[in-house]
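Undergrad: Okay, handing you the structure first.
Protein chains: 2
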Amino acid sequence: MVGRSGLEFVDSRGGAAAAMNTAIGAALISMVCNLTIGKPKYVEHELTMIDVRSRAEELRSLAVELAEADATAFNAVMAAYKLPKSTDAEKLARTEAVQEALVGAADVPLRIAGAAADVIALAGRIMDGANVNVISDVAVAADSARAGLQSAITNVEINRAAIKDESHKAELAASVARLKDAVLTAGAISESITARITG
Amino acid sequence: MVGRSGLEFVDSRGGAAAAMNTAIGAALISMVCNLTIGKPKYVEHELTMIDVRSRAEELRSLAVELAEADATAFNAVMAAYKLPKSTDAEKLARTEAVQEALVGAADVPLRIAGAAADVIALAGRIMDGANVNVISDVAVAADSARAGLQSAITNVEINRAAIKDESHKAELAASVARLKDAVLTAGAISESITARITG
Chain A
15 MVGRSGLEFV DSRGGAAAAM NTAIGAALIS MVCNLTIGKP KYVEHELTMI
65 DVRSRAEELR SLAVELAEAD ATAFNAVMAA YKLPKSTDAE KLARTEAVQE
115 ALVGAADVPL RIAGAAADVI ALAGRIMDGA NVNVISDVAV AADSARAGLQ
165 SAITNVEINR AAIKDESHKA ELAASVARLK DAVLTAGAIS ESITARITG
Chain B
15 MVGRSGLEFV DSRGGAAAAM NTAIGAALIS MVCNLTIGKP KYVEHELTMI
65 DVRSRAEELR SLAVELAEAD ATAFNAVMAA YKLPKSTDAE KLARTEAVQE
115 ALVGAADVPL RIAGAAADVI ALAGRIMDGA NVNVISDVAV AADSARAGLQ
165 SAITNVEINR AAIKDESHKA ELAASVARLK DAVLTAGAIS ESITARITG
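Chains as they are written, first to last, in the numbering used here: chain A, 15 to 213; chain B, 15 to 213.
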């Protein structure tokens with residue numbers, strides 16, 4: 015169990031890193047779709063590529079927004095910890111404010127994890143129909159989004175560890191458990207593409 | 015075996031992504047060292063933190079340089095493929111130029127992979143002595159560098175597949191095999207820290 019006391023909660027950059035890894039994955043997916051769309055050789059995958067490109071662009075924007083949201087949620091936790099705690103009433107108000115802020119600070123990485131899992135799913139949708147000249151970028155996208163997902167899960171967990179509401183803790187744990195499958199999916203996509211490349 | 019004919023080699027962004035994931039990992043390691051150095055509680059780890067911070071800063075710079083080097087190496091491959099191929103002499107010169115460029119294009123991601131493996135090793139060196147308030151960032155650093163490493167390996171492989179010199183191919187394969195251990199190390203670091211966080 016990791017202590018989270020004091021004013022040293024400076025791990026918002028880890029949240030930004032998770033969001034950035036996810037955005038890189040989404041950007042690569044979008045690039046691969048762009049380099050596949052309009053090519054006669056891949057015409058049967060055209061509709062999939064157009065749909066995936068649009069989703070990837072949404073996810074890239076979302077990831078960038080979530081990097082900012084993560085910084086905001088982190089600052090809210092910092093601010094709550096700085097509340098006065100001289101009287102019992104102040105202590106109670108501070109504890110409540112900290113707990114509320116922590117719930118927000120766990121929610122943002124959970125949304126980053128969700129976006130990363132969606133990017134991984136997009137990689138899965140295009141891996142068979144993508145322009146073979148850029149197939150390695152689909153693997154890179156999956157690996158980058160995998161890092162985003164794994165990092166976001168770590169960030170959920172560190173906040174979850176400090177949350178006292180047992181039912182909310184259990185909810186977060188269930189959400190994380192559902193998202194963990196996508197870590198394995200990303201690994202499988204990357205390995206399968208590497209196997210194709212190395213023949 | 016993936017075809018690499020024509021002028022569609024636009025996967026330099028995958029190389030940039032690998033370098034960027036590595037740089038993110040290095041930056042987080044450096045941040046964690048900064049937030050550990052000077053704190054009485056962690057005084058016994060002070061020298062390790064100072065040394066690791068210095069190495070992490072070097073690796074971050076190196077990764078940024080390698081992102082540029084990757085673009086240059088990629089452009090060299092593009093340029094070689096654009097050489098004339100009307101006569102047998104031209105064809106021969108073009109093939110030689112392409113092969114030379116491909117060797118360069120495999121070498122840069124190999125160096126990115128090496129830098130990523132070094133970042134993972136730094137994460138391992140600080141995971142036990144780092145400020146516990148930012149321990150999650152060590153896991154995020156390992157996950158990000160892992161993505162950089164895996165992606166760089168994919169980029170080595172796609173270039174290796176088009177290289178004809180069997181002895182150079184074998185050398186690259188051996189280098190990749192050595193680096194793959196660090197993928198597992200990164201996973202172990204991340205898992206071990208997550209286990210500490212979730213208690």
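The C-beta atom is built at its ideal place from N, Cα and C for all residues, glycine as well.
Since we're looking at a predicted model, the values are computed, not measured.
Select from the stretch 28-50 of chain A all residues with a C-beta closer than 7 Å to any C-beta belonging to chain B, and list them in chain order.
TA: Listed by position, the residues of the stretch 28-50 of chain A near chain B (Cβ gap below 7 Å) are 28, 31, 32, 34, 35, 38, 42, 45 and 49.
Undergrad: Along the alpha helix (DSSP H) that carries residue 223 of chain B, what are the first and last residues, could you check?
TA: The shown model of chain B, from 15 to 213, leaves out residue 223 of chain B, and the question about it has no answer.
Undergrad: Determine the contact status of residue 97 of chain A and residue 108 of chain A, defining contact as a CB-CB distance below 7 Å.
TA: On the first sequence, position 83 is the one that residue 97 of chain A refers to. On the first sequence, position 94 is the one that residue 108 of chain A refers to. Yes, they are a contact pair.
Undergrad: Within the stretch 30-62 of chain A, note down every full beta strand (DSSP E) run reaching 3 residues or more, in order along the chain.
TA: None, since the stretch 30-62 of chain A contains no complete beta strand (DSSP E) of that length.
Undergrad: Under 7 Å between C-beta atoms, does residue 199 of chain B make it to chain A?
TA: By one-based count along the second sequence, residue 199 of chain B stands at place 185. Taking Cβ atoms only, chain A never reaches closer than 7 Å to residue 199 of chain B, which makes this a no.
Undergrad: Based on Cα-Cα distance, which residue from B/196, B/121, B/182 and B/82 lies nearest to residue 136 of chain B?
TA: Within the second sequence, residue 136 of chain B is the residue found at index 122, counting from 1. Ranking the options by Cα distance to residue 136 of chain B, first place goes to B/196.
Undergrad: Taking a cut of 7 Å between CB atoms, which residues from the stretch 146-180 of chain B lie near chain A?
TA: Answer set for the stretch 146-180 of chain B: 146, 147, 148, 149, 150, 151, 153, 154, 157, 158, 160, 161, 164, 165, 168, 169, 171, 172 and 175.
Undergrad: Out of B/208, B/139, B/175 and B/199, point me to the one whose CA is closest to residue 65 of chain B's CA.
TA: By 1-based counting over the second sequence, the position of residue 65 of chain B is 51. Measuring from the Cα of residue 65 of chain B, the nearest candidate turns out to be B/139.
Undergrad: Go ahead and label residue 150 of chain B buried or exposed: buried means 16 or more other beta carbons lie within 10 angstroms of its beta carbon, across all protein chains shown.
TA: Numbered from 1 along the second sequence, position 136 holds the residue referred to as residue 150 of chain B. Buried.
Undergrad: Can you tell me whether DSSP reads residue 93 of chain B as helix, strand or coil?
TA: Walking along the second sequence from the start, residue 93 of chain B turns up at place 79. Here residue 93 of chain B sits in helix by DSSP.
Undergrad: With distances taken Cα to Cα, identify the nearest neighbour of residue 33 of chain B among B/82, B/46 and B/45.
TA: As a working note, residue 33 of chain B is residue 19 in the second sequence. Of B/82, B/46 and B/45, the residue nearest in Cα terms is B/82.
Undergrad: What does the alpha-carbon distance come out to for the pair residue 180 of chain B and residue 163 of chain B?
TA: Translated into the one-based positions of the second sequence, residue 180 of chain B becomes position 166. Translated into the one-based positions of the second sequence, residue 163 of chain B becomes position 149. Taking the straight line joining both Cα atoms gives about 24 Å.
Undergrad: Going along chain B in order, which residues have a C-beta closer than 8 Å to the C-beta of residue 208 of chain A?
TA: Position 194 of the first sequence, counted from the first residue, corresponds to residue 208 of chain A. In chain order: 167, 168 and 171.
Undergrad: What whole-angstrom Cβ distance do residue 128 of chain B and residue 193 of chain B have, given they're in contact under 8 Å?
TA: On the second sequence, residue 128 of chain B is found 114 positions in, with the first residue counted as 1. On the second sequence, residue 193 of chain B is found 179 positions in, with the first residue counted as 1. About 7 Å; that satisfies the 8 Å criterion.
Undergrad: Between residue 211 of chain B and chain A, is there a C-beta pair that is closer than 7 Å?
TA: Stepping through the second sequence from its first residue, residue 211 of chain B is reached at position 197. Judged by the 7 Å Cβ criterion, residue 211 of chain B is in contact with chain A.
Undergrad: Report the three-state DSSP secondary structure of residue 123 of chain B (helix, strand or coil).
TA: Taking the second sequence and counting its residues from 1, the one referred to as residue 123 of chain B is at position 109. Residue state, collapsed to three classes: helix.
Undergrad: List, in order along the chain, the chain A residues whose C-beta lies closer than 9 Å to that of residue 204 of chain B?
TA: As a first step, residue 204 of chain B is located in the second sequence; it is residue number 190 there, counting from the start. Per Cβ cutoff of 9 Å: 164, 165 and 168.
Undergrad: Please go through the same chain and pick out, in chain order, the residues whose beta-carbon is closer than 6 Å to the beta-carbon of residue 87 of chain B, but skip the five residues on each side of it.
TA: Mapped onto the second sequence, residue 87 of chain B falls at position 73. The residues are 118, 119 and 122.
Undergrad: Quick check on the burial criterion: 16 or more other C-beta atoms within 10 angstroms. Buried or exposed for residue 62 of chain B?
TA: Along the second sequence, one-based indexing puts residue 62 of chain B at 48. Classification for residue 62 of chain B: buried.
Undergrad: Am I right that residue 48 of chain A and residue 159 of chain A are in contact with their C-beta atoms under 8 Å? What's the rounded C-beta distance?
TA: What you label residue 48 of chain A is simply residue 34 of the first sequence in a count that begins at 1. What you label residue 159 of chain A is simply residue 145 of the first sequence in a count that begins at 1. Not really, about 18 Å apart at Cβ, beyond 8 Å.
Undergrad: Taking the continuous alpha helix (DSSP H) assigned at residue 206 of chain A, which residues delimit it?
TA: As a first step, residue 206 of chain A is located in the first sequence; it is residue number 192 there, counting from the start. It spans 180-212 - the alpha helix (DSSP H) in which residue 206 of chain A sits, taken as one unbroken run.
Undergrad: Under 7 Å between the Cβ atoms of residue 183 of chain B and residue 113 of chain B?
TA: Within the second sequence, numbered from 1, the residue matching residue 183 of chain B stands at position 169. Within the second sequence, numbered from 1, the residue matching residue 113 of chain B stands at position 99. Contact flag unset, no.
Undergrad: According to DSSP, simplified to helix, strand and coil, what is residue 158 of chain B?
TA: Your numbering for residue 158 of chain B matches position 144 in the second sequence. DSSP places residue 158 of chain B in helix when its eight states are reduced to three.
Undergrad: Does the separation of the CB atoms of residue 147 of chain A and residue 50 of chain A fall below 7 Å?
TA: On the first sequence, position 133 is the one that residue 147 of chain A refers to. On the first sequence, position 36 is the one that residue 50 of chain A refers to. Going by C-beta atoms, residue 147 of chain A is not nearer than 7 Å to residue 50 of chain A.
Undergrad: Near residue 157 of chain A, what residues of its chain come up, given a Cβ to Cβ distance below 6 Å and the 5 sequence neighbours on each side ignored?
TA: By one-based count along the first sequence, residue 157 of chain A stands at place 143. Here the set comprises 204.
Undergrad: How many angstroms separate the CA atom of residue 28 of chain A from the CA atom of residue 94 of chain B?
TA: The residue labelled residue 28 of chain A in the question sits at position 14 within the first sequence. The residue labelled residue 94 of chain B in the question sits at position 80 within the second sequence. Approximately 41 Å between the Cα atoms of the pair.
Undergrad: Using the Cβ count rule (16 or more neighbours within 10 Å means buried), how would you classify residue 132 of chain A?
TA: Locating residue 132 of chain A in the first sequence gives position 118, counting from the first residue. The residue in question, residue 132 of chain A, is buried, as its Cβ has 16 or more Cβ neighbours within 10 Å.
Undergrad: State the DSSP-derived secondary structure class of residue 105 of chain B, mapped to helix, strand or coil.
TA: Along the second sequence, one-based indexing puts residue 105 of chain B at 91. The answer is helix: DSSP assigns residue 105 of chain B an H, G or I state.
Undergrad: Determine the direct distance from the alpha carbon of residue 207 of chain B to that of residue 92 of chain B, and round the result to whole angstroms.
TA: The residue labelled residue 92 of chain B in the question sits at position 78 within the second sequence. The residue labelled residue 207 of chain B in the question sits at position 193 within the second sequence. Computed Cα separation, rounded: 43 Å.
Undergrad: How big is the Cα-Cα spacing for residue 176 of chain B and residue 46 of chain B?
TA: Your numbering for residue 176 of chain B matches position 162 in the second sequence. Your numbering for residue 46 of chain B matches position 32 in the second sequence. Rounded to whole angstroms, residue 176 of chain B to residue 46 of chain B spans 41 Å at the Cα level.
Undergrad: So is residue 52 of chain B buried or exposed if we call it buried at 16+ other beta carbons inside 10 Å?
TA: What you label residue 52 of chain B is simply residue 38 of the second sequence in a count that begins at 1. It counts as exposed.
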